[in-house]
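The structure under discussion appears below in the form of structure tokens.
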Amino acid sequence: MAALRGATQLNSRIGDQRYHSPMPDTPSPGFPPVPGQPGLPIPPTAPVSWHPTRALRRPSRWPMLIAIASLCGTVVAVGIALAAWLRPGPENRPPPAPHAPVFTDEQIAGAKSTMCAAYATVHRAVGVNTSRNEGNDPTSTLAVLANARLAIYGGGGYLFTKLAEEPATPPSLASAIRTLANAYQDVAIGYMADLQKTDLDASLRAADNATISIEQQCK
825 MAALRGATQL
835 NSRIGDQRYH
845 SPMPDTPSPG
855 FPPVPGQPGL
865 PIPPTAPVSW
875 HPTRALRRPS
885 RWPMLIAIAS
895 LCGTVVAVGI
905 ALAAWLRPGP
915 ENRPPPAPHA
925 PVFTDEQIAG
935 AKSTMCAAYA
945 TVHRAVGVNT
955 SRNEGNDPTS
965 TLAVLANARL
975 AIYGGGGYLF
985 TKLAEEPATP
995 PSLASAIRTL
1005 ANAYQDVAIG
1015 YMADLQKTDL
1025 DASLRAADNA
1035 TISIEQQCK
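Quick note on this note's numbering: the sequence shown kicks off at 825 and runs consecutively.
Dropping the structure here:
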């Protein structure tokens, strides 16, 4: 009995020490040991993070946009090249139609007055030099003929010059003066070439008709 009591007391002390031993203030690191493997704790592991794989990501649109932009650029370049090829060159392009100038009534009246005065001067010069007395001296005769031819030819050139300086001249008057100037120069050259009067009839009639028209318009 004493041995049992002693053993019982010993077990009680051991049990008290087993179940009433002080607990530490801080928990031991790691997870509790696996049952059946005392003293081998499982080391802690980091939390697992989930990342979507590349196959699950939304496909990018950049390759498609780049392809579309490249195709559009090619189409535009081809269109420009075709337009440049089909467009006529400067040498094949017809010249633009000239615009008719517009003049005021004052400009038209001034040009008409100037041309009528120029005609009167030429008509007087031609009349004076073609009506001189040739005389009996061959030298004097040649001089008179030379002055007459010079007056006729020079008169035609003078009318052309004045007409170019007066673009506002009425069209009908300008046409008559141009016809007279051409006829004067044709007759003068014909006289210098010793042509017969019959060869100059057309030019002389043109000069007479133009003179009548000018004098009617310059009244």
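By construction, the Cβ of each residue, glycine as well, lies at the ideal position given by its N, Cα and C atoms. Quick caveat, the model's predicted, so the values are computed rather than measured.
- Leaving aside the five residues that flank Thr1035 on each side, the residues in its chain whose CB is nearer than 8 angstroms to its CB run, in chain order, His947 and Leu1004.
- Annotation for Gly979: Val946, Ala949, Val950 and Tyr1008 place their beta carbon closer than 7 angstroms to its own, counting only its chain and skipping 5 residues before and after.
- Per the C-alpha coordinates, the member of Asp1010, Tyr943 and Pro920 positioned closest to Cys1042 is Tyr943.
- Apart from the 5 residues on each side of it in sequence, Arg973 sits with its Cβ closer than 8 angstroms to the Cβ of Ala1012, Tyr1015 and Met1016 in its chain, given in chain order.
- Here DSSP, grouped into helix, strand and coil, assigns Phe927 to coil.
- Taking C-beta separations shorter than 7 angstroms and ignoring five residues to either side along the sequence, the partners of Pro994 in its chain run Ile932 and Lys936, following chain order.
- Taking C-beta separations shorter than 8 angstroms and ignoring five residues to either side along the sequence, the partners of Asp1023 in its chain run Gly1014, following chain order.
- Under the three-state reduction of DSSP output, Cys896 falls in the helix class.
- Taking the C-beta atoms as reference points, Leu987 is found nearer than 8 angstroms to Ala998.
- Between the alpha carbons of Ile1038 and Ala907 lies a gap of roughly 54 angstroms.
- When the beta-carbon positions are compared, Asn971 and Asn953 come within less than 8 angstroms of each other.
- Only residues of its own chain outside the window of five on either side were considered, and among them none has a CB closer than 7 angstroms to the CB of Ser955.
- About 18 angstroms separates the CB atoms of Ala1000 and Phe927; that is not less than 8 angstroms, and the two are not in contact.
- By the CB criterion at 8 angstroms, Asp1010 and Ser996 fall outside the cutoff.
- Between Met939 and the set Pro922, Arg1002 and Val968, the nearest pair of CA atoms involves Arg1002.
- Between Tyr977 and the set Ala1031, Ile904 and Asp1025, the nearest pair of CA atoms involves Ala1031.
- Following the DSSP letters along the chain, one finds Asn1033 inside the alpha helix (DSSP H) bounded by residues Asp1025 to Gln1041.
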